[in-house]
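Residue numbers (the numbering used here): 425 to 969.
Backbone N, C-alpha and C define an ideal beta-carbon position, used for all residues, glycine too.
Values in this document were obtained by computation on a predicted structure and should not be read as measured data.
Below: the structure, in structure tokens.
What follows is the structure, given as structure tokens:
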């Protein structure tokens, strides 16, 4: 569910599971944390759970905590959410509006600066790492050098390398970002470059430690223990002097991927947790009757289909289109999503600032689907859908099967753990169609970033789809690059909308439905909670009620 980018090298395919949170870490990394922290060795113990200055906030996250914790690499829902509490960027963004605010830097540059190619930042006086050492300009340069290093493949590179030339140290508290061309949209992306201590992560083997869960930042909470597949604990960092101070003395984030135990943990008179994300639609009424607040966030979260374009007949765009036209998306929204979603009318969701209804919209049209298959000379097609076993995806699969069976395509469903699905992708195993979930909103709202996350000449997903060498793809990549460099925002938005029309027509990797993500919390215990339209939680403005 992870949740690349401009015309720069994307992460190695074999590393995807580290980014996505699907690959389990070998062991807990409590030992590696011992130099800077301590904490409970239990798994699901809440440490008391009571609210108040000495209480522990217990949260339930519906995604694994065993993916990469390296902020330059990860797309794991759990670790990205946690890292927003542990680390800071020069600027960070509000979790809902995505407006930038000063974090490690003292201020957000004005519009006149952002229209130029030199952005200068002063670091917050007294900013301190969780091990007690001061934050310096060397730390900032260290992280950006890693991101921009042509020989180091990071997920973050795709968010920066097309427009950012270099980052220079001016003095101990001042840095300069030098841009290749004016790119005001880049200011909100600075939250994706979490600043990390050079003295810790420049050591041999330290990046592997970061992947496995070692996290030392300058943010309001420090990680105190990390148990893959169980829980991660945090403690308020007393030396933090930034804009969003900690409100909870301790936090315990549980990873519970299965829906039933996740709901049980937050419901009933003996509820152990005060907040949970990824609430199943079927449990909303139950939780609200129990006194919880349940709210949804609509964004880019989607069920997508990805075709192996080197496997016939999926190299034929008519076949890909036919299979999309065949799906009864209205039924899927009604039955599987309980009304908490919409059929896709563009790659972008309708609330995105750059949304425009695509020229090709796959409304349910089985007759057209049959006609396209006949035109492509395809009959007797049998498809095995390789799908992730995320609960809401599994709920949607029967509608796809019934829809494809209805047009004469014999369909079988093969839902598997995300680990298994993407191990096959990484190993370049043969497949026909993948059904999975994605939400690039965890990286931001700007359409340029979202589209590059999914499409690009050396992009991770294009490698999986095996489409990058297609002439249509090559022209698409050129159009995307031109849109990135376009300085006029209105013209840029139009260019992006135009190439999204190509993406819709080609349907290589394309959303079927966009859905809401639901968060539940106890309003008698917590205040300041806002439901995110992407996985995870953000508690930087929350407090005990």
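If you compare alpha carbons, which of the options is closest to residue i?
i           : options            : result
residue 896 : 640, 931, 487, 569 : 931
residue 661 : 556, 579, 822      : 556
residue 964 : 489, 507, 490, 497 : 507
residue 879 : 731, 927, 858, 665 : 927
residue 904 : 923, 663, 728, 796 : 923
residue 872 : 917, 829, 858, 640 : 917
residue 498 : 763, 617, 797, 647 : 617
residue 579 : 785, 885, 717      : 885
residue 766 : 726, 911, 813, 530 : 726
residue 601 : 589, 700, 794, 909 : 589
residue 813 : 789, 807, 840      : 840
residue 597 : 937, 732, 763, 514 : 514
residue 665 : 643, 677, 870      : 643
residue 599 : 668, 577, 529      : 529
residue 858 : 867, 866, 844      : 844
residue 936 : 862, 491, 944      : 862
residue 622 : 561, 585, 595      : 561
residue 716 : 874, 704, 738, 690 : 690
residue 817 : 796, 760, 868, 962 : 760
residue 731 : 724, 742, 721      : 742
Would you tell me roughly how many angstroms separate the C-alpha atoms of residue i and residue j, rounded to the nearest one?
i            : j           : result
residue 558  : residue 551 : 6 angstroms
residue 959  : residue 810 : 22 angstroms
residue 572  : residue 566 : 10 angstroms
residue 898  : residue 827 : 32 angstroms
residue 476  : residue 672 : Reliability fails at residue 476, whose pLDDT of 43 lies under 50, so the model's placement of it is uncertain and the value that follows must be treated cautiously. Taking the straight line joining both Cα atoms gives about 8 angstroms.
residue 649  : residue 658 : 7 angstroms
residue 548  : residue 532 : 12 angstroms
residue 535  : residue 956 : 28 angstroms
residue 445  : residue 636 : Summary for residue 445: the model assigns pLDDT 41, below 50, so the residue's position carries little reliability; its value from the coordinates is reported in the next sentence. Approximately 11 angstroms, taken between the alpha carbons.
residue 516  : residue 748 : 38 angstroms
residue 367  : residue 484 : Residue 367 falls outside the range modelled here, since the chain spans only 425 to 969, and no answer is possible.
residue 835  : residue 634 : 42 angstroms
residue 702  : residue 682 : 10 angstroms
residue 593  : residue 630 : 23 angstroms
residue 494  : residue 799 : 48 angstroms
residue 554  : residue 527 : 16 angstroms
residue 677  : residue 829 : 42 angstroms
residue 491  : residue 679 : 12 angstroms
residue 806  : residue 504 : 39 angstroms
residue 1002 : residue 888 : Missing from the structure shown is residue 1002; the chain here goes from 425 to 969 and no further.
Tell me the DSSP bridge mates of residue i?
i            : result
residue 720  : 942
residue 650  : 656
residue 1025 : One cannot answer for residue 1025 here, as it falls past the ends of the chain, which runs 425 to 969.
residue 678  : 484, 655
residue 990  : The displayed coordinates of the chain run from 425 to 969. Any statement about residue 990 would go beyond what the structure contains.
residue 737  : BP columns for residue 737 are empty, so no partner.
residue 840  : 812
residue 726  : 862, 938
residue 845  : Looking at the DSSP assignment, residue 845 forms no beta bridge with any residue, so it has no partner.
residue 968  : 950
residue 569  : Residue 569 pairs with nothing; no bridge assigned.
Quick one: using the 10 Å Cβ neighbour count with 16 as the cut-off for buried, is residue i buried or exposed?
i           : result
residue 684 : exposed
residue 706 : exposed
residue 628 : exposed
residue 570 : buried
residue 632 : exposed
residue 376 : This structure cannot speak to residue 376, because the chain is shown only from 425 to 969.
residue 545 : buried
residue 521 : exposed
residue 753 : buried
residue 604 : exposed
residue 787 : exposed
residue 966 : buried
residue 512 : buried
residue 851 : exposed
residue 670 : buried
residue 785 : exposed
residue 946 : buried
residue 744 : buried
residue 913 : exposed
Please report the Cβ distance between residue i and residue j, rounded to the nearest whole angstrom; I am assuming they are in contact, meaning their Cβ atoms lie under 8 angstroms.
i           : j           : result
residue 979 : residue 969 : The displayed coordinates of the chain run from 425 to 969. Any statement about residue 979 would go beyond what the structure contains.
residue 620 : residue 563 : 7 angstroms
residue 769 : residue 782 : 6 angstroms
residue 876 : residue 582 : 6 angstroms
residue 855 : residue 729 : Residue 855 to residue 729, Cβ: 12 angstroms. No contact.
residue 488 : residue 653 : 7 angstroms
residue 838 : residue 789 : The pair is not a contact, with the Cβ atoms about 26 angstroms apart (cut-off 8 angstroms).
residue 890 : residue 519 : That belief does not hold up - the Cβ atoms of residue 890 and residue 519 are roughly 35 angstroms apart, past 8 angstroms.
Say whether chain D places a C-beta atom closer than 8 angstroms to the C-beta of residue i.
i           : result
residue 496 : Of the protein chains in this structure there is only one, and it is not chain D.
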